[in-house]
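Q:
Protein chains: 2
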Amino acid sequence: MREPDATVAREPLNRARVLKAALGIIDAEGVEALSMRRLGAELGVDPMAVYRHVDGKDAVLDGVAELLWEELPDACPEDGDWAASLRAFASAIRSLFHAHPHAAPLMLQRPVLPVPQLEKSHQQLEALQAAGFDREDAAEILRTLISFSTGYGLAEVTCYALVDGEAWPPPGSERDLLIAFAQFLPPGTPARLVDVAIALWAMADSDATFESSIDLILSGARLRLERRRGASE
Amino acid sequence: MREPDATVAREPLNRARVLKAALGIIDAEGVEALSMRRLGAELGVDPMAVYRHVDGKDAVLDGVAELLWEELPDACPEDGDWAASLRAFASAIRSLFHAHPHAAPLMLQRPVLPVPQLEKSHQQLEALQAAGFDREDAAEILRTLISFSTGYGLAEVTCYALVDGEAWPPPGSERDLLIAFAQFLPPGTPARLVDVAIALWAMADSDATFESSIDLILSGARLRLERRRGASE
DNA sequence: ACCTGAACACCGTTCAAGT
DNA sequence: ACCTGAACACCGTTCAAGT
Numbered sequence: 303m304r305e306p307d308a309t310v311a312r313e314p315l316n317r318a319r320v321l322k323a324a325l326g327i328i329d330a331e332g333v334e335a336l337s338m339r340r341l342g343a344e345l346g347v348d349p350m351a352v353y354r355h356v357d358g359k360d361a362v363l364d365g366v367a368e369l370l371w372e373e374l375p376d377a378c379p380e381d382g383d384w385a386a387s388l389r390a391f392a393s394a395i396r397s398l399f400h401a402h403p404h405a406a407p408l409m410l411q412r413p414v415l416p417v418p419q420l421e422k423s424h425q426q427l428e429a430l431q432a433a434g435f436d437r438e439d440a441a442e443i444l445r446t447l448i449s450f451s452t453g454y455g456l457a458e459v460t461c462y463a464l465v466d467g468e469a470w471p472p473p474g475s476e477r478d479l480l481i482a483f484a485q486f487l488p489p490g491t492p493a494r495l496v497d498v499a500i501a502l503w504a505m506a507d508s509d510a511t512f513e514s515s516i517d518l519i520l521s522g523a524r525l526r527l528e529r530r531r532g533a534s535e
Numbered sequence: 303m304r305e306p307d308a309t310v311a312r313e314p315l316n317r318a319r320v321l322k323a324a325l326g327i328i329d330a331e332g333v334e335a336l337s338m339r340r341l342g343a344e345l346g347v348d349p350m351a352v353y354r355h356v357d358g359k360d361a362v363l364d365g366v367a368e369l370l371w372e373e374l375p376d377a378c379p380e381d382g383d384w385a386a387s388l389r390a391f392a393s394a395i396r397s398l399f400h401a402h403p404h405a406a407p408l409m410l411q412r413p414v415l416p417v418p419q420l421e422k423s424h425q426q427l428e429a430l431q432a433a434g435f436d437r438e439d440a441a442e443i444l445r446t447l448i449s450f451s452t453g454y455g456l457a458e459v460t461c462y463a464l465v466d467g468e469a470w471p472p473p474g475s476e477r478d479l480l481i482a483f484a485q486f487l488p489p490g491t492p493a494r495l496v497d498v499a500i501a502l503w504a505m506a507d508s509d510a511t512f513e514s515s516i517d518l519i520l521s522g523a524r525l526r527l528e529r530r531r532g533a534s535e
């Protein structure tokens, strides 16, 4: 008879626990704080024991990327509204960057095809094809949407990183903004460039800009659908 | 009298030379190959001498990001065609990713406001305002364009990284593509997901997708300009 | 058969010792 | 005043030695 696994004096390590701990460290202190030794310490385990469950540091980072894509909610295609589904998808991607400013960039940077990313993309593609798009158009639209959402999210968190712990956008008057931004620019930078930085990255309503760009992409998609329908009739 | 600087037995180190060497290493072997010691070796110099000209490794990476933004061609607004200028800007950003697949991601990831980025953005903003956009709209459009171009470029180079030295997209029949992609997915991944990967990242015409997305953004911008003009008259 | 931890070949950065 | 390179506190990973 095997030993009963009731006595879990110390929960056995597994890949999932390792990755969750890694994400925790990255969220709290940034990617550069993650090390295999630190990971072992965090898990209360010999640092080298981690290698039993994971293939090395790169594999840990790949795994964290996968974890993040898993966090994306599944499409709920019951209502059959492909546009609403795409919009939710795009917003969820952007939200992931906000929830994990340090970790989310990994989603784009690991040379892997995370299975959950493909799974979610599959759902969106199905919804688009069900709505009458052919597969090429569907893929093109989805690709545009993913690229934009990740690019936008990345740009936002890179701005947060400027002020790190501080609030973003820096609260207060436009004059405070000016001062805050000027600190990140070499002394002697012309004021006109500080203005550009503010106009581009701090002044506009980030949510509204994102939404209206998504609108643009979606209306482009809608147009293509009409044309396709017109041509096939 | 000072010593004439004619005898340049060994060209004196300076920030620009350090950064150029760093970019060279990253281009050739990837970011993870860059180390301060390696940098010193590449320059034929005591590794610690590099610290005289640069503030540390992070500053080197910041500097490389700056170098890349500098490579972007300036706007040539003589013809006054704001849309053409924006399109060239977007294409140039994407081209930078193709030219520096390993280094270009740094453009988005360093918590700095690279002055040349602001400079180039300034030129685009001016062109837009000259065409009748108000500053908020101009900033929003430019922000959307930059986010999309960088996101798209980043997605592309992450795909290249999958096959690294190999050609991209992998040449040959659709069947070869299937096999090539399947190798990067865990064994037992459903074929349907391999299909998704191919449809999303290998099948579509990358250039055409990019251009048509830019069209979308530009036509949205044009629409806003019309409205703005209509309202003010 | 499994795990540990010593050891190797690297890091970035500091700083005392030299000139 | 300047530069060197030893030294410190870390890395990721391997692997022999233990149990």
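Protein chains in written order, with our numbering: chain B, 303 to 535; chain S, 303 to 535. Heads up, the beta-carbon is just placed ideally off N, CA and C, and yes, glycines get one too. In this text, all values refer to a predicted model and were calculated from it rather than measured experimentally.
#1: Considering only the alpha carbon of each residue, which of S:Glu-442, S:Ala-429, S:Ala-367 and S:Asp-376 lies closest to Phe-399 of chain S?
#2: If you count every other CB in all the chains shown that lies within 10 Å of the CB of Leu-495 of chain B, and 16 or more means buried, which is it?
#3: For Ser-337 of chain S, which three-state DSSP category applies?
#4: Would you mind stating whether Ile-448 of chain B and Ile-395 of chain B have Cβ atoms separated by less than 8 angstroms?
#5: For Glu-373 of chain S, collect the residues of the same chain with a Cβ closer than 7 angstroms to its Cβ; drop the 5 residues on either side in sequence, then sort them by chain order.
#6: Between Leu-487 of chain B and Leu-321 of chain B, what straight-line distance do the alpha-carbon atoms span, to the nearest angstrom?
#7: Answer with yes or no whether the minimum CB distance from Phe-450 of chain S to chain B is below 8 angstroms.
#8: Could you tell me the distance, in whole angstroms, from the CA atom of Tyr-353 of chain S to the CA atom of Gln-411 of chain S?
#9: Taking 8 angstroms as the CB-CB cut-off, is Ile-481 of chain B touching chain S?
#10: Hey, is Ile-519 of chain S's beta-carbon within less than 8 angstroms of any beta-carbon in chain B?
#11: How big is the Cα-Cα spacing for Phe-450 of chain B and Tyr-454 of chain S?
#12: List, in order along the chain, the chain B residues whose C-beta lies closer than 8 angstroms to that of Leu-444 of chain S?
#13: Where Gln-426 of chain S and Lys-422 of chain B are concerned, what is the direct C-alpha to C-alpha distance, given to the nearest angstrom?
#14: Within 8 angstroms, do at least three Cβ pairs link the region 435-447 of chain S to the region 503-516 of chain B?
#15: When we look at the beta-carbon of Gln-419 of chain S and count the other beta-carbons within 10 Å, is it buried (16 or more) or exposed?
#16: Show which residues of chain B have a CB atom less than 9 angstroms away from the CB atom of Gly-453 of chain S.
#17: Using a Cβ-Cβ distance cut-off of 8 angstroms, determine whether Gly-365 of chain S contacts chain B.
#18: Answer with yes or no whether the minimum CB distance from Arg-437 of chain B to chain S is below 8 angstroms.
#19: By the 7 angstroms beta-carbon criterion, what residues does the region 484-516 of chain S contribute toward chain B?
#20: For the alpha helix (DSSP H) containing His-424 of chain B, name the first residue and the last one.
#21: Is DSSP giving Gly-382 of chain B helix, strand or coil here?
#22: In the DSSP assignment, find the alpha helix (DSSP H) that holds Trp-371 of chain B and state where it starts and stops.
#23: Can you name, in chain order, every residue of its own chain whose Cβ lies under 7 angstroms from the Cβ of Gly-387 of chain S, other than the five neighbours on each side?
#24: How many angstroms separate the CA atom of Glu-438 of chain S from the CA atom of Ala-504 of chain B?
#25: Measure the Cβ-Cβ separation of Ala-343 of chain B and Leu-315 of chain B and say whether it is below 8 angstroms.
#26: Would you say Gly-522 of chain S reaches chain B, if we count a Cβ-Cβ gap shorter than 8 angstroms as a contact?
#27: Report the option in B:Asp-507, B:Leu-479, B:Met-409 and B:Trp-384 whose CA atom is closest to the CA atom of Asp-497 of chain B.
#28: At which residues does the alpha helix (DSSP H) containing Ser-475 of chain S begin and terminate?
#29: Of all the residues that make up the region 411-432 of chain S, which are near chain B by a beta-carbon distance shorter than 8 angstroms?
#30: Considering only the alpha carbon of each residue, which of S:Pro-407, S:Ala-385, S:Pro-473 and S:Ile-481 lies closest to Leu-456 of chain S?
#31: Along the chain, where does the alpha helix (DSSP H) containing Leu-315 of chain B start, and where does it finish?
#32: Hey, would you say Leu-415 of chain S sits closer than 8 angstroms to Ala-499 of chain B, going by beta carbons?
#33: Quick test of your reading: Ala-441 of chain B and Leu-341 of chain S, contact by CB under 8 angstroms. State the CB separation rounded to the nearest angstrom.
#34: Judging by CA-CA distance, which residue of S:Glu-476, S:Trp-384, S:Leu-464 and S:Arg-526 is the nearest neighbour of Ala-433 of chain S?
#35: Measuring CA to CA, which of B:Leu-369, B:Val-347, B:Leu-345 and B:Val-417 is closest to Ala-493 of chain S?
#36: What is the rounded straight-line gap between the Cα of Trp-371 of chain S and the Cα of Phe-391 of chain S?
A: Taking the definition as stated:
#1: The residue labelled residue 399 of chain S in the question sits at position 97 within the second sequence. For Phe-399 of chain S, the closest alpha carbon among the candidates S:Glu-442, S:Ala-429, S:Ala-367 and S:Asp-376 is that of S:Ala-367.
#2: In the first sequence, counting from the first residue as 1, residue 495 of chain B sits at position 193. Looking at its Cβ environment, which holds 16 or more other Cβ atoms inside 10 Å, Leu-495 of chain B is buried.
#3: The sequence position of residue 337 of chain S within the second sequence is 35, counting from 1. Here Ser-337 of chain S sits in coil by DSSP.
#4: Looking up residue 448 of chain B in the first sequence gives position 146. Looking up residue 395 of chain B in the first sequence gives position 93. At the C-beta level, Ile-448 of chain B and Ile-395 of chain B come within 8 angstroms of one another.
#5: Residue numbering aside, residue 373 of chain S sits at position 71 when the second sequence is read from its first letter. Same-chain partners within the cutoff: Leu-398.
#6: On the first sequence, position 185 is the one that residue 487 of chain B refers to. On the first sequence, position 19 is the one that residue 321 of chain B refers to. Straight-line spacing of the CA atoms in Leu-487 of chain B and Leu-321 of chain B works out to 37 angstroms.
#7: As a working mapping, residue 450 of chain S is identified with position 148 in the second sequence. Yes, contact with chain B.
#8: Within the second sequence, numbered from 1, the residue matching residue 353 of chain S stands at position 51. Within the second sequence, numbered from 1, the residue matching residue 411 of chain S stands at position 109. Each residue's alpha carbon lies about 22 angstroms from the other.
#9: By one-based count along the first sequence, residue 481 of chain B stands at place 179. Not one chain S Cβ lies under 8 angstroms of Ile-481 of chain B.
#10: Locating residue 519 of chain S in the second sequence gives position 217, where the first residue counts as 1. Interface residue, yes.
#11: For the purposes of this step, residue 450 of chain B is taken as the residue at position 148 of the first sequence. For the purposes of this step, residue 454 of chain S is taken as the residue at position 152 of the second sequence. Whole-angstrom Cα-Cα distance: 7 angstroms.
#12: For the purposes of this step, residue 444 of chain S is taken as the residue at position 142 of the second sequence. Residues of chain B passing the Cβ test: Leu-502.
#13: Here the question's residue 426 of chain S lines up with position 124 in the second sequence. Here the question's residue 422 of chain B lines up with position 120 in the first sequence. Each residue's CA atom was taken as its position, placing Gln-426 of chain S and Lys-422 of chain B some 36 angstroms apart.
#14: Taking 8 angstroms as the limit for Cβ pairs, the verdict is that the region 435-447 of chain S does touch the region 503-516 of chain B.
#15: For this step, residue 419 of chain S is matched to residue 117 along the second sequence. Result: buried.
#16: Here residue 453 of chain S corresponds to residue number 151 of the second sequence, with the count starting at 1. Scanning chain B for C-beta atoms nearer than 9 angstroms to the C-beta of Gly-453 of chain S yields Leu-410, Ile-448, Ser-449, Phe-450, Ser-451, Thr-452, Gly-453, Tyr-454, Gly-455, Leu-456 and Ala-457, reported in chain order.
#17: In the second sequence, counting from the first residue as 1, residue 365 of chain S sits at position 63. Contact with chain B is absent for Gly-365 of chain S, since none of that chain's Cβ atoms lies less than 8 angstroms from the residue's Cβ.
#18: Residue 437 of chain B sits at position 135 when you count from the first residue of the first sequence. Output row for Arg-437 of chain B: interface = yes.
#19: Within the region 484-516 of chain S, those residues whose Cβ lies closer than 7 angstroms to any Cβ of chain B are, in chain order, Phe-486, Leu-487, Pro-488, Thr-491, Arg-494, Leu-495, Val-498, Ala-499, Ala-501, Leu-502, Met-505, Ala-506, Thr-511 and Ser-515.
#20: The sequence position of residue 424 of chain B within the first sequence is 122, counting from 1. For His-424 of chain B, the enclosing alpha helix (DSSP H) begins and ends at 417-432.
#21: Position 80 of the first sequence, counting from 1, holds the residue named residue 382 of chain B. DSSP places Gly-382 of chain B in coil when its eight states are reduced to three.
#22: Against the first sequence, residue 371 of chain B aligns to sequence position 69. It spans 359-373 - the alpha helix (DSSP H) in which Trp-371 of chain B sits, taken as one unbroken run.
#23: By 1-based counting over the second sequence, the position of residue 387 of chain S is 85. According to the sequence shown, residue 387 of chain S is Ser rather than Gly. Around Ser-387 of chain S: Ala-377, Pro-379, Gln-426 and Ala-429.
#24: Translated into the one-based positions of the second sequence, residue 438 of chain S becomes position 136. Translated into the one-based positions of the first sequence, residue 504 of chain B becomes position 202. Taking the straight line from one Cα to the other gives about 11 angstroms.
#25: Here residue 343 of chain B corresponds to residue number 41 of the first sequence, with the count starting at 1. Here residue 315 of chain B corresponds to residue number 13 of the first sequence, with the count starting at 1. In this structure, Leu-315 of chain B does not lie closer than 8 angstroms to Ala-343 of chain B by Cβ.
#26: Here residue 522 of chain S is taken as the residue at index 220 of the second sequence, counted from 1. It does; some Cβ of chain B falls within 8 angstroms.
#27: As a position in the first sequence, residue 497 of chain B is number 195, starting the count at 1. It is B:Leu-479 whose Cα lies nearest to the Cα of Asp-497 of chain B.
#28: Taking the second sequence and counting its residues from 1, one reaches residue 475 of chain S at position 173. It is not in any alpha helix (DSSP H) - Ser-475 of chain S carries neither H nor E in the DSSP assignment.
#29: For the region 411-432 of chain S, which is checked against every Cβ of chain B, the residues closer than 8 angstroms are Gln-411, Arg-412, Pro-413, Val-414, Leu-415, Val-417, Leu-420, Glu-421, Ser-423, His-424 and Leu-427.
#30: In the second sequence, residue 456 of chain S corresponds to position 154, counting from 1. Selected option, being the one with the closest Cα: S:Pro-407.
#31: Working through the first sequence from its first residue, we reach residue 315 of chain B at position 13. In the DSSP annotation of this structure, Leu-315 of chain B is not part of any alpha helix (DSSP H), being labelled neither H nor E.
#32: Sequence index remark: in the second sequence, residue 415 of chain S carries index 113 (1-based). Sequence index remark: in the first sequence, residue 499 of chain B carries index 197 (1-based). Contact annotation: Leu-415 of chain S and Ala-499 of chain B have beta-carbon atoms nearer than 8 angstroms.
#33: Mapped onto the first sequence, residue 441 of chain B falls at position 139. Mapped onto the second sequence, residue 341 of chain S falls at position 39. Between Leu-341 of chain S and Ala-441 of chain B the Cβ distance is about 42 angstroms, and since that is not below 8 angstroms, they are no contact.
#34: For the purposes of this step, residue 433 of chain S is taken as the residue at position 131 of the second sequence. Ranking the options by Cα distance to Ala-433 of chain S, first place goes to S:Trp-384.
#35: Here residue 493 of chain S refers to the residue found at position 191 of the second sequence. Closest option to Ala-493 of chain S, Cα to Cα, is B:Val-417.
#36: Taking the first residue of the second sequence as position 1, residue 371 of chain S is located at position 69. Taking the first residue of the second sequence as position 1, residue 391 of chain S is located at position 89. When the Cα atoms are used, Trp-371 of chain S and Phe-391 of chain S turn out to be separated by approximately 11 angstroms.
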